[in-house]
Amino acid sequence: MTITVRVAHPEDATGIQAIYAPIVRHTPISFEIDVPTVDEMRTRIGRTLETHPWLVAESDGHVCGYAYATTFRPRRAYQWCADVSVYVEAGSRRSGVARALYTPLFSLLALQGFVTLHAGITLPNPASVGLHESFEFTTVGVLKRVGFKLGAWHDVGVYQKSLGPRGESPNSPVAFHAMDAAQVERCLRPQTRASRF
Numbered sequence: 498m499t500i501t502v503r504v505a506h507p508e509d510a511t512g513i514q515a516i517y518a519p520i521v522r523h524t525p526i527s528f529e530i531d532v533p534t535v536d537e538m539r540t541r542i543g544r545t546l547e548t549h550p551w552l553v554a555e556s557d558g559h560v561c562g563y564a565y566a567t568t569f570r571p572r573r574a575y576q577w578c579a580d581v582s583v584y585v586e587a588g589s590r591r592s593g594v595a596r597a598l599y600t601p602l603f604s605l606l607a608l609q610g611f612v613t614l615h616a617g618i619t620l621p622n623p624a625s626v627g628l629h630e631s632f633e634f635t636t637v638g639v640l641k642r643v644g645f646k647l648g649a650w651h652d653v654g655v656y657q658k659s660l661g662p663r664g665e666s667p668n669s670p671v672a673f674h675a676m677d678a679a680q681v682e683r684c685l686r687p688q689t690r691a692s693r694f
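If you're matching positions, the sequence shown starts at 498 in the working numbering and goes up one per residue.
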């Protein structure tokens with residue numbers, strides 16, 4: 498299939514919610530218990546895009562995956578760190594969608610001035626662990642039995658990736674909404690490509 502990656506917009510909320518809903522209902526991958534409504538997802542997209550990238554992958558005009566970044570912790574000394582997440586619809590997994598989303602997402606975050614990325618992975622999840630390790634995330638710890646969902650306690654692996662050197666006097670990251678549109682497009686352009694199941 499052909500995958501096209503672009504910046505999300507609030508109108509993508511229905512497609513994004515359709516991908517996320519079965520993950521919330523049927524898996525411990527997300528620790529949310531109640532499926533967010535389409536309106537809530539629309540609000541999340543708009544709020545995220547003020548500060549961080551939110552990308553969607555499309556195939557034949559259909560949203561088949563999404564990835565985004567959020568604030569790691571609210572205190573200012575953490576401002577150069579971001580949390581990242583990627584979700585792919587069941588029928589499009591193992592087809593390169595997650596990689597096609599993460600590659601430009603990380604490029605955009607580096608351009609903004611972020612230097613460290615974090616991902617939390619409910620364990621066991623060898624596919625997600627393998628994806629993150631392929632992007633040079635390393636394990637920095639495991640939170641033991643921290644989430645109770647679907648009748649069981651679950652561990653969460655904490656993974657970290659360095660995006661680049663840490664300066665002696667770093668500037669604050671640029672908010673995503675303030676980024677130059679041409680720079681954003683350059684990060685996304687190579688991600689229009691063919692991928693095979």
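Cβ coordinates follow ideal geometry from the N, Cα and C atoms, glycine included.
All values derive from a computational prediction rather than experimental measurement.
Would you list the one or two residues that DSSP bridges to Gly617? Residue pairing of Gly617 in beta bridges, as defined by DSSP: Val655.
Could you spell out the range, first to last residue, of the beta strand (DSSP E) harbouring Phe645? Thr635 to Lys646
Is the stretch 501-514 close to the stretch 622-642, with three or more CB pairs under 8 Å? Because the criterion of three Cβ pairs below 8 Å is not met, the stretch 501-514 and the stretch 622-642 do not touch.
DSSP state of Val581, grouped into three classes? strand
Just to confirm my understanding: we take Arg683, look at its own chain, exclude 5 residues before and 5 after, and list those with CB closer than 7 Å. What are they? Cβ within range, chain order: n/a, list empty.
With DSSP as the reference, identify every bridge partner of Arg503, one or two as the case may be. Val553
Suppose you measure from the CA of Arg572 to the CA of Val581; what does that come to, to the nearest Å? 18 Å
Have a look at Pro507, Glu508 and Met538 and flag the residue whose alpha-carbon is nearest the alpha-carbon of Ala518. Met538
C-alpha distance - Ala691 paired with Leu598, whole-angstrom precision: Its pLDDT being 40, under 50, Ala691 is placed unreliably in this model, and the coordinates cannot settle the point.
Would Ala566 and Leu628 qualify as a contact pair, given that the criterion is a beta-carbon distance under 8 Å? No.
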